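Participant: One structure is given below, represented as structure tokens, and several questions about it will come after.
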Amino acid sequence: MSNDSDPLHNPLLSIREVHASAGGKAILKGLSLEVGPGEVHAIMGPNGSGKSTLARVLTGNENAEVTSGEVLYKGQDLFGLAPEERAREGLFLAFQYPVEIPGIANSTLLREGLNAMREHRGEPELDAIDFLEIAKAKADVLEMEPTMLSRAVNHGFSGGEKKRNEVLQMLVLEPTLAILDETDSGLDIDALQVVAKGVNALRDKGRSFIVITHYQRLLDYIVPDFVHVLANGRIVRSGDKDLALELEAKGYAWLEEGASA
Amino acid sequence: MNTPNPMTPAERPAPIDKIALNPEIDDLNQQDYKWGFVTDIEQDSLPPGLNEDTVRFISAKKKEPEWLLEWRLKAFRHWLTMTEPTWALVDYPAIDYQAVSYFAAPKSDADKPQSLDEVDPELLATYEKLGIPLAERAALAGVAVDAVFDSVSVATTFKSKLGELGIVFCSFSEAVQEHPELVRKYLGSVVPQKDNFFAALNSAVFSDGSFVYIPKGVRCPMELSTYFRINAANTGQFERTLIVAEEGSHVSYLEGCTAPMRDENQLHAAVVELVALDDATIKYSTVQNWYPGDKNGVGGIYNFVTKRGACRGARSKISWTQVETGSAITWKYPSCVLQGDDSVGEFYSVALTNNWQQADTGTKMIHIGKNTRSTIISKGISAGHGQQTYRGSVRMLKGADGARNYSQCDSLLMGDQCGAHTFPYIDVKNPTAHLEHEASTSRIGEDQIFYLNQRGLSTEDAVNLIVNGFCKEVFRELPMEFAVEAQKLLSVSLEGAVG
Numbered sequence: 001m002s003n004d005s006d007p008l009h010n011p012l013l014s015i016r017e018v019h020a021s022a023g024g025k026a027i028l029k030g031l032s033l034e035v036g037p038g039e040v041h042a043i044m045g046p047n048g049s050g051k052s053t054l055a056r057v058l059t060g061n062e063n064a065e066v067t068s069g070e071v072l073y074k075g076q077d078l079f080g081l082a083p084e085e086r087a088r089e090g091l092f093l094a095f096q097y098p099v100e101i102p103g104i105a106n107s108t109l110l111r112e113g114l115n116a117m118r119e120h121r122g123e124p125e126l127d128a129i130d131f132l133e134i135a136k137a138k139a140d141v142l143e144m145e146p147t148m149l150s151r152a153v154n155h156g157f158s159g160g161e162k163k164r165n166e167v168l169q170m171l172v173l174e175p176t177l178a179i180l181d182e183t184d185s186g187l188d189i190d191a192l193q194v195v196a197k198g199v200n201a202l203r204d205k206g207r208s209f210i211v212i213t214h215y216q217r218l219l220d221y222i223v224p225d226f227v228h229v230l231a232n233g234r235i236v237r238s239g240d241k242d243l244a245l246e247l248e249a250k251g252y253a254w255l256e257e258g259a260s261a
Numbered sequence: 262m263n264t265p266n267p268m269t270p271a272e273r274p275a276p277i278d279k280i281a282l283n284p285e286i287d288d289l290n291q292q293d294y295k296w297g298f299v300t301d302i303e304q305d306s307l308p309p310g311l312n313e314d315t316v317r318f319i320s321a322k323k324k325e326p327e328w329l330l331e332w333r334l335k336a337f338r339h340w341l342t343m344t345e346p347t348w349a350l351v352d353y354p355a356i357d358y359q360a361v362s363y364f365a366a367p368k369s370d371a372d373k374p375q376s377l378d379e380v381d382p383e384l385l386a387t388y389e390k391l392g393i394p395l396a397e398r399a400a401l402a403g404v405a406v407d408a409v410f411d412s413v414s415v416a417t418t419f420k421s422k423l424g425e426l427g428i429v430f431c432s433f434s435e436a437v438q439e440h441p442e443l444v445r446k447y448l449g450s451v452v453p454q455k456d457n458f459f460a461a462l463n464s465a466v467f468s469d470g471s472f473v474y475i476p477k478g479v480r481c482p483m484e485l486s487t488y489f490r491i492n493a494a495n496t497g498q499f500e501r502t503l504i505v506a507e508e509g510s511h512v513s514y515l516e517g518c519t520a521p522m523r524d525e526n527q528l529h530a531a532v533v534e535l536v537a538l539d540d541a542t543i544k545y546s547t548v549q550n551w552y553p554g555d556k557n558g559v560g561g562i563y564n565f566v567t568k569r570g571a572c573r574g575a576r577s578k579i580s581w582t583q584v585e586t587g588s589a590i591t592w593k594y595p596s597c598v599l600q601g602d603d604s605v606g607e608f609y610s611v612a613l614t615n616n617w618q619q620a621d622t623g624t625k626m627i628h629i630g631k632n633t634r635s636t637i638i639s640k641g642i643s644a645g646h647g648q649q650t651y652r653g654s655v656r657m658l659k660g661a662d663g664a665r666n667y668s669q670c671d672s673l674l675m676g677d678q679c680g681a682h683t684f685p686y687i688d689v690k691n692p693t694a695h696l697e698h699e700a701s702t703s704r705i706g707e708d709q710i711f712y713l714n715q716r717g718l719s720t721e722d723a724v725n726l727i728v729n730g731f732c733k734e735v736f737r738e739l740p741m742e743f744a745v746e747a748q749k750l751l752s753v754s755l756e757g758a759v760g
């Protein structure tokens, strides 16, 4: 906390003692986490530990209700911002279950989103031609057919296509903080490598990631700086990438016992 | 919600076969005046009430020929024997037809607002949002200023250009004076006076409207718009439109205006008749934005319209495109009677009901000729407490060998207080006919809105994006400029519907 006044050590995201509930049930029970610029944090943990609730709290989804605590993002009170304002400030979520929106072309959504952010930053709008060039180049990184751009958002996409589409959106929108909520689930190993390639292409010292996953496998490709274990609504252990390997070998049970005590 | 009665025989375009064989032009025998004429025609408006004298007064005011008066009277006498239809899924207090005034001269300039400062600021704010040019705002709001003269001179220029091609585009009253033979030949030939309750009422008391005649082989070089007649006499309440496209001609007609039109007359009952002869095409586009009433459902226009086109010639085509966002009550079924072999009928519709609006709308496609084809694309959007019904009838008569129809009816719901209902009636009497019907109902989900919020879009932009996506098959049928306006109109009409 004392680092607040020191710009060199100012974290990009500072989650402080957050309690949150969903459907009237307490899920997060005093979660704290700091994410610095350029860092990749993996969050692992058993089902029901609060991983997706954390993603909802950070993005402002009404299905998660914050009961106490605070979150500073770029030094400002995150909870004071509407979901679209958070997005325009560079907070991005790759959804665990991407939503289908019939009638809106993928490229339309991407362009509207990108222009909303550019407008927020005081930059001029991109016209359709310039935008399409960018979008096609990004689709190429993910080995996606350019025709994906003209299809309706996630409509009739396979599970794998939806996940890849989330990463495409991330590449186009170039967020400051990206949260990947189980982006690896439902992907075969080839798709996983493609998705990891997309994420790694974005990594730089100003951009941070929170990677929520069940499986150590993803972390072979997206190598994290920190690994945290979330159990019973709190972070019960933090370490480096070797912690993920340890979890793979030992499971979560030995940590959960400590958490509920 | 009770299931309403299906269309009663009286409401169906009953005399179809009669139309086909024998266009209904009523007995035009000159008759002596049997009824005394008592109303002083010097007065400018009529007190409320409806009887034969009312009809005579209107006809006399317009200096109509005897045959037209008789035509009106015949309609009126039949109307007296009819009862108001109740099968539509709309609910409104009983209309007292004797409490309506059936003729009012246009307001004098002294009675009009003298400047925009005197106009309801809310109305002006809406004009602003729709991007309506300043000069037109004054005209639309009924301000007594010279601003409207611009559009008059524009209209005059266009008129002379059209005249060189032999195209007639004028008010209905003018047509009666200057082209009586055409009016007499086609008036009521598509929508007979006895067609239905509201059409009969209109036939008796219609005030004015538009008349279009496109000569053989002429392709009308511009979109014909009633906008050019924006300052023409008060035609709103019982409007009558007749469009005739001769062999091989082509015309695109735009009706209405995206700007919200205020009107003191609550009851509107218009009739539109289209006639397309061999190889002719008529494209009729409507944007209807009459006053829908306030947020609590108080006030608003009752819009009971009969629109029908006859594809009388071989290979003729009639295409209806409508964007309906206004009126408290809408009762409207633009239809096509496909008499000519290989003729084509189309209906593209976006209807939106918000707050307490109710709409029962759809189309009828009557296949009579061989290899006739029809397409129906209906998009209904309900928000607030809006109630909306799609009611469509596709009929394939005995001789309609190889006829085809494709119907698609989609409903989009916002919130949990609104309703969408679909009543497709299908009647196929020819075994070679082919018919497809698809329908869907969807809801704008909170998850969809949140997803778009997360990509940086405001809730309002998110809703607009979804709605425009939902409507795009219809919007792309609209003339370019109209399509842009229609999109804006939907977003303004949906303000505050979500979130």
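First to last, the protein sequences are chains A and B. At position 169 of the first sequence (counting the first as 1) the number is 169 in our numbering, and the numbers step up by one without a gap. To get our numbering, take the position in the second sequence, counting from 1, and add 261. All residues carry an ideal CB built from backbone N, CA and C; glycine is no exception. None of the values given here were measured: they were computed from a predicted structure.
#1: If you follow the alpha helix (DSSP H) that H682 (chain B) is part of, which residue opens it and which one closes it?
#2: Run down chain B in chain order and give the residues with a C-beta less than 7 Å from the C-beta of G113 (chain A).
#3: Quick check on S412 (chain B): does DSSP put it in helix, strand or coil?
#4: Who are the neighbours of F157 (chain A) on chain B, taking C-beta pairs under 7 Å?
#5: Alpha carbon to alpha carbon, what distance is there between K324 (chain B) and Q438 (chain B)?
#6: In angstroms with no decimal places, state the Cα-to-Cα distance between E39 (chain A) and Y252 (chain A).
#7: Considering only C-alpha positions, which residue in the set A:R16, A:N106, A:S14 is nearest to F131 (chain A)?
#8: Does the beta carbon of N3 (chain A) sit closer than 9 Å to a beta carbon anywhere in chain B?
#9: Report the residue ranges of all alpha helix (DSSP H) runs contained in full by the stretch 666 to 740 of chain B; include only those spanning at least 4 residues, in chain order.
#10: Considering only C-alpha positions, which residue in the set B:M657, B:T567, B:S588, B:I627 is nearest to N616 (chain B)?
#11: Is Q715 (chain B) near F95 (chain A), with beta carbons less than 9 Å apart?
#12: By the 8 Å beta-carbon criterion, what residues does the stretch 162 to 188 of chain A contribute toward chain B?
#13: Within 10 angstroms of its Cβ, does E84 (chain A) collect 16 or more other Cβ (buried), or is it exposed?
#14: Helix, strand or coil: which one does DSSP assign to V351 (chain B)?
#15: Secondary structure at G560 (chain B), three-state DSSP: helix, strand or coil?
#16: Tell me, please, which residues DSSP counts as bridged to E585 (chain B).
#17: Can you round the beta-carbon distance between H529 (chain B) and Q454 (chain B) to whole angstroms, since I take them to be within the 8 Å contact cut?
#18: Compare the C-beta of A20 (chain A) with all C-beta atoms of chain B and state if any pair is closer than 9 Å.
#19: Does N557 (chain B) pass the burial test, meaning 16 or more other C-beta atoms within 10 Å, or should it be called exposed?
#20: For the 8 Å Cβ check, are there 3 or more pairs between the stretch 616 to 629 of chain B and the stretch 591 to 603 of chain B?
#21: CA-CA distance, I638 (chain B) and C481 (chain B)?
#22: How long is the line joining the alpha carbons of R317 (chain B) and D688 (chain B), rounded to whole angstroms?
#23: Kindly list, in the order they appear in chain B, the residues whose Cβ is closer than 8 Å to that of P83 (chain A).
#24: Taking F731 (chain B) as the query, report the chain A residues whose CB atoms sit under 7 Å from its CB, ordered along the chain.
#25: Given the structure, does L535 (chain B) come close to the ligand PLP, in the sense that its CB is under 8 Å from one of the ligand's heavy atoms?
#26: Where does F467 (chain B) fall in DSSP's three states?
#27: Below 9 Å on C-beta distance, what does R121 (chain A) contact in chain B?
#28: Smallest Cα separation from W348 (chain B): which of B:F684, B:V479, B:K690?
#29: Considering only the beta carbon of each residue, do L674 (chain B) and I705 (chain B) sit closer than 9 Å?
#30: Do the CB positions of D357 (chain B) and E112 (chain A) come within less than 9 Å of each other?
#31: Pick out whichever of B:L535, B:Q527, B:K733 has its Cα sitting closest to the Cα of I475 (chain B).
#32: Could you pull the start and end residues of the beta strand (DSSP E) that A178 (chain A) belongs to?
#33: Applying a beta-carbon distance threshold of less than 8 Å, which residues of chain A neighbour I642 (chain B)?
#34: Can you tell me which residues form a DSSP beta bridge with Q619 (chain B)?
#35: Are the CB atoms of A620 (chain B) and C572 (chain B) nearer to each other than 9 Å?
#36: Using the three-state DSSP reduction, which class does Q453 (chain B) fall into: helix, strand or coil?
Facilitator: Taking the coordinates as given:
#1: Note, H682 (chain B): premise wrong, no alpha helix (DSSP H); beta strand (DSSP E) at 680 to 689.
#2: Under the 7 Å cutoff, chain B gives R716, G717, L718.
#3: Because S412 (chain B) sits at a pLDDT of 41, beneath the cut-off of 50, its placement in the model cannot be relied upon, and the following sentence gives the value as read from the coordinates. S412 (chain B): helix per DSSP, three-state reduction.
#4: Residues of chain B passing the Cβ test: none, with the nearest at roughly 14 Å.
#5: One C-alpha to the other measures close to 8 Å.
#6: Each residue's alpha carbon lies about 24 Å from the other.
#7: Comparing Cα positions, the closest option is A:N106.
#8: For N3 (chain A), the predicted model reports a pLDDT of 42, less than 50, meaning its position is unreliable; a value from the coordinates is still stated below. No, its Cβ sits nowhere closer than 9 Å to a Cβ of chain B.
#9: 707 to 715, 720 to 736, all fully within the stretch 666 to 740 of chain B.
#10: Nearest to N616 (chain B) by alpha-carbon distance, out of B:M657, B:T567, B:S588, B:I627, is B:S588.
#11: Yes, they are a contact pair.
#12: For the stretch 162 to 188 of chain A, which is checked against every Cβ of chain B, the residues closer than 8 Å are Q169, L173.
#13: Flag for E84 (chain A) reads buried.
#14: If DSSP states are grouped into helix, strand and coil, V351 (chain B) belongs with coil.
#15: Coil.
#16: Answer by DSSP bridge pairing, in chain order: B:Q549, B:A612.
#17: Not quite, the Cβ-Cβ distance comes to about 18 Å (not below 8 Å), so this is no contact.
#18: So no, A20 (chain A) is outside the interface.
#19: Result: exposed.
#20: Enough Cβ pairs lie closer than 8 Å, so yes.
#21: Between the C-alpha atoms of I638 (chain B) and C481 (chain B) there is a straight-line separation of about 26 Å.
#22: Answer to the nearest angstrom: the Cα atoms are 41 Å apart.
#23: Chain B residues near P83 (chain A): F711, N714, Q715.
#24: Ordered by position in chain A, the residues that pass the 7 Å Cβ test against F731 (chain B) are G103.
#25: The ligand PLP is absent from the structure shown, which contains no ligands of any kind.
#26: In this structure, F467 (chain B) counts as coil in the three-state DSSP scheme.
#27: Per Cβ cutoff of 9 Å: no residues; R121 (chain A) is ~11 Å from chain B at best.
#28: Nearest of B:F684, B:V479, B:K690 to W348 (chain B), Cα basis: B:F684.
#29: Cβ atoms of L674 (chain B) and I705 (chain B): closer than 9 Å.
#30: It is not a contact, given that the beta carbons lie outside the stated cut-off.
#31: Of the listed residues, the one whose Cα sits closest to I475 (chain B) is B:L535.
#32: First-last of the beta strand (DSSP E) with A178 (chain A): 177 to 181.
#33: Contact of I642 (chain B) with chain A by beta-carbon distance below 8 Å is absent, the smallest such distance being about 12 Å.
#34: DSSP, once it has assigned bridges, lists B:I590, B:Q648 as partnering Q619 (chain B).
#35: In this structure, A620 (chain B) keeps its C-beta atom at 9 Å or more from the C-beta atom of C572 (chain B).
#36: Going by the sequence as given, residue 453 (chain B) is Pro instead of Gln. Three-state result, P453 (chain B): coil.
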